[in-house]
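For reference, the structure is listed below as structure tokens.
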Amino acid sequence: MHKHSAICTHLNGIVAWNSSEKTWDCPCDSSRFNTQGQVINDPAINGLTLKENK
């Protein structure tokens with residue numbers, strides 16, 4: 168299991184889980200990320216930041 172930041176790397180919006188598409192979507196700029204945090208729709212060019220386990 169990977170833990171990623173919920174903050175979009177483009178406009179710093181809080182991404183929301185889209186259960187029908189199985190993606191993390193940013194409401195600010197429509198960037199979309201897959202379950203691994205990788206960009207699947209721009210304008211974001213960087214994936215979600217991987218957080219360290221604590």
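Note that the numbering used here has the sequence shown beginning at 168, numbered continuously upward. Note that the Cβ used here is the ideal one computed from N, Cα and C, for glycine as well.
Residue i - containing beta strand (DSSP E), residue span
i      : result
Asn201 : Run containing Asn201: none; DSSP gives neither H nor E here.
Asp209 : That residue, Asp209, is in no beta strand (DSSP E); it is neither H nor E in DSSP.
Of the residues the options, the one placed nearest residue i, counting alpha carbons only
i      : options                : result
Ile212 : His171, Thr176, Lys170 : Thr176
Environment of residue i [buried if 16+ CB atoms lie within 10 Å]
i      : result
Ser198 : buried
Leu178 : exposed
Ile217 : In the sequence as displayed, the identity of residue 217 is Leu instead of Ile. Exposed: under 16 other Cβ atoms inside 10 Å.
Cys195 : exposed
Trp191 : buried
Cut-off 6 Å between Cβ atoms - residues of its own chain near residue i, not counting five sequence neighbours on either side
i      : result
Gln203 : none
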